[in-house]
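Here is the structure we will look at, set down as structure tokens.
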Amino acid sequence: MASTNPFLHANTSLIEGQNDEAANSSGGARMRGANTRARVTRGKSRTKQREERTGSTYSQSKEGWPTLEGLKPVLSFLAVPAIVVLLITATGGEWPKFILYAIAIGLGVGVALSVFKGVELVLAVLLIYLPFSKVFVVPLAPGINGTNTLIALGFFAAVLRLVSTRQKLTDFPAGSYLVFAFGFITALSAITVMGVPGGRANLIYNEMLSYKAWIDQFIFYFIALLCIRDIETAKRCVVYCMIGASLVVMYSVPEMLDKGGRSSIEKMRIGGPHLQSNNFGGFVAYTMLPLVAIFIMFIKDLRVWLLTPYFFVAAKVLIMTFSRGAYLAMAGGAFLAAYYKGKGFIAFWATLTLVFFLVFPSALPDSVVARFDTSSAASSSASVEDKLDKSSSTRLIMWRAASSMILEDPIWGKGFKAFPMIKGDYTEIRVKESDPHSMYLYIGAEMGLPALALFLVILGYSFWLGRFHSQNKHDKFIRAIGVGGAASTACLAIVCVFGSRAVSLNFTVYFWTYLAVMQIIRQKQLREEAATKGKRARTNAFKVARGEEDGTDALGGETVLEGAEQKKLEALPKGWEKQGVGKLNRVSQRGAAAHQAREVRNTSPEQTPESSVVPLRKVSVEQPAELPSTVARKTRRGKRRFAKD
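Have a look at this one:
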């Protein structure tokens, strides 16, 4: 029989841990003592409950910075070579070779052993080392260097991780197959070049390393997708990229100081670790923008103002490359990053900058003005090539030659590195340059228009991903990643207009990394949304009636019965009512149970004296949580019944 004690809880669903909101909807929260349990239940937010059910860390923090615990192991290891470099610099840079080799071997063994524990250290070392791969070759054996070794270790670590976690190898995010298709089609250019006279010998004896450098980009992208499998790892990879970009700039400072003040622009240009001024300028431009995005998104945080010295040094290094394409690309990318921050933000800073240079025109570096100066050009009656400087006029000649090659072989192109071999047949004058001075014409002339179309689609997709993440309202760090990804993609696209830059991994490593990071974040977000906001589970009405199911969905809300299940519920005998969080109970119109329900309905929490609130305890009988909306009919025997379990 039901208990008639008016001080006991009639809604035992709260005691059993049901969702407090569903209990409130049934009137259970109005009972005496219900507020005590409600406060305990509301201790965890709705978002926290969702994260516990799905294992999500998406909304772990509104700021979204990667945790220090995750970064500490890798940063601790990277601090060792950093300290060694500082010691070498402080002592004059003259250390015995056997000591340097011993340190290098020890660090290499440490990285190699780390693959049995995880993939992150190898990936971080790759991200920091690859921009320096031209100046620090690390030859280990004929045809084997530091780049090959680290890529092999990264692939091995990724395979070990797949085996240990039993993940699918083909579980790639959307857009990955575009990159794979682009890599496959462009790799066929090694076969196409065989049709050019002398193409086979040139590829085998002269350009095999260049071909390998081209293929390495897609191998690294594949490894990045295998290694980055969650949002936290993706965030940490962005931190490693920012560290690597900062180190590249700092490495170039001594060269900048050494070449400053020379007699001509060509003598003052710095090449950095890329050993080429235009490539280095483009790299500094597109890798600086993610840090700019972090700065403008967290501009109210005093910690990001520590990046200010880096920005001044990076701007000076960029100017000393004297690359006009890098200047334009940086301006376009910075404008886009500020635009995504807000129209008011960009209007304020653009106006402030314009006013500053109008008031202080001498603040504009003379090197930049000289690089864009055309006042010394020939008269207006001269040809276009005569009006431009030598670099610009040569670029126009190469562009026309590459366009002619595309028209002749639009599908497959002339083959890998065929342009320098046959350029003399398409140019009006003899030129020394060996590439078309445009990445788009480089791909179109040597690899065909389908490959060029895929490259443009990849750039567009990367920009779209950045724009998508820039609108994230839950995680500010992901929003900064989106702003930086979109801005750096636009910057890279502009850089590629003025030169064949994206031909090797030491230049494109951070572009492919940011693309993989944005893809992984979107993939995980979509899966989390599907897990929390997907179709509600179907519930069997008779199981609910028997108490075998609680009638709640993954979010804690009441499950809505659909279709045949709803018909089964409607077919139940009259006198059964749906109560609380989906349970069914037989209720009575009269008697102690009905009197208790009416008393609970008419008593508000404010009217209940605190002295009447008793500690919760589990009762053995479940009673109705609300007054039934319809009057229960009498049974055939004419007896009245109380609510039962």
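Residue numbering for the sequence shown follows the working numbering, starting at 128 and increasing by one per position.
Virtual Cβ for every residue (Gly too), placed ideally from N, Cα, C.
Keep in mind it's a predicted model, so treat the numbers as computed, not measured.
Range covered by the alpha helix (DSSP H) that runs through residue i
i	result
R363	I358 to Y378
Q344	M335 to C354
K394	I392 to M395
E196	L195 to A217
V252	E247 to Y256
A631	Residue 631 is actually Ser in this sequence, not Ala. That residue, S631, is in no alpha helix (DSSP H); it is neither H nor E in DSSP.
I230	K224 to S241
P547	F546 to I549
Cutoff 8 Å; reference residue i; Cβ partners in own chain excluding five residues on either side
i	result
F438	M415, L418, V419 and F422
A222	The residue asked about is misnamed: residue 222 is Trp in this sequence, not Ala. The answer, listed in chain order, is I215.
G102	This structure does not reach residue 102, given that the chain is present from 128 up to 772, and the question cannot be answered.
V440	V376, M377 and V380
V444	V376, S379, V380, M383, I397, G399 and V411
Cβ distance (whole Å) where residue i is taken to contact residue j below 8 Å
i	j	result
A613	G593	3 Å
E560	M525	6 Å
V610	M424	6 Å
F243	L287	7 Å
S774	A453	Limits of the chain in this structure are 128 at one end and 772 at the other, which puts residue 774 out of reach.
S627	M566	5 Å
F410	F634	6 Å
C618	G460	3 Å
Y637	A372	7 Å
Y367	L240	Actually they are not in contact, since the Cβ atoms of Y367 and L240 sit about 20 Å apart, beyond 8 Å.
Y348	V622	Rounded, the Cβ-Cβ distance is 19 Å, inconsistent with contact.
Cβ neighbour criterion (16 or more within 10 Å) applied to residue i
i	result
I648	buried
E247	buried
T313	buried
M321	exposed
I397	buried
G302	buried
M369	buried
G399	buried
A672	Only weak support is given to the placement of A672: the predicted model assigns it a pLDDT of 46, under 50, and the value that follows is read from those uncertain coordinates. By the neighbour-count rule (16 or more Cβ atoms within 10 Å), A672 is buried.
E655	buried
A458	exposed
M377	exposed
G469	exposed
W432	exposed
G471	exposed
E334	buried
T292	exposed
F225	exposed
Own chain residues within Cβ distance below 6 Å of residue i, not counting five before or after
i	result
D552	none
L576	P537
I358	I648 and K651
M532	K541 and A572
Y466	I473
L402	K261
K600	none
L642	S589
I350	G281, F282 and A285
C354	V246, L250 and A285
T274	S260
V207	none
W539	T319 and G575
Sequence-distant residues of the same chain with beta carbon closer than 7 Å to residue i, five excluded per side
i	result
F604	E190, G191, W192 and K362
S337	K544
S390	none
V238	L248, V249, V252 and L280
L434	L418 and F422
V482	none
Minimum Cβ-Cβ distance from residue i to chain C less than 8 Å
i	result
G587	Structure shown: chain C not included; a single protein chain is present.
Whole alpha helix (DSSP H) elements within the region 261–298, 4-residue minimum: 273–292
Please list the segments of the alpha helix (DSSP H) lying wholly inside the region 551–616, counting only runs of 4 or more residues, in order along the chain. 566–574 and 576–596
What ranges does the alpha helix (DSSP H) occupy inside the region 299–327, keeping only unbroken runs of at least 4 residues that lie completely in it? You should have 303–314 and 316–319.
Going residue by residue through the region 393–475, where are the continuous alpha helix (DSSP H) segments of at least 4 residues, counting only ones entirely within it? 404–424, 435–447 and 451–468
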